[in-house]
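Residues in the sequence shown are numbered consecutively from 1, following the UniProt record's numbering. Backbone N, C-alpha and C fix where the C-beta goes; we use that ideal spot for every residue, glycine too.
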Amino acid sequence: PAFKFPIYVKTIQQGKHGSDTDVYDIQGRFVPEKFEEIFKKHAHTRPDALTDKELGEMLKANRDPKDFSGR
């Protein structure tokens, strides 16, 4: 896929927390299957984008109540 806004963060794995999407693994590698899963589960309006409501739904679905750092 051609990303319109690539993310280049050397230490992205340091941002991992219990409520994240797992789009990046603990070594900081991009996991395309997890990225596509976001759209399969939450993109109801368009297959290639999330509305603000859908983004909120995704965040709520991923929320881990014991994850105080990821809120």
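*Can you tell me whether His44 is buried or exposed, with buried defined as 16 or more other CB within 10 angstroms of its CB?*
exposed
*Grouping DSSP H, G and I as helix and E and B as strand, with all else coil, what is Ala61?*
helix
*Return the CA-CA distance between Glu57 and Pro65, expressed in angstroms with no decimal places.*
15 Å
*DSSP state of Phe39 mapped onto helix, strand, coil*: Assignment of Phe39 by DSSP, reduced to helix, strand and coil, places it in the helix class.
*Roughly how far, in whole angstroms, is the beta-carbon of Ser19 from the beta-carbon of Arg63, given that I think they are within contact range, below 8 Å?*
5 Å
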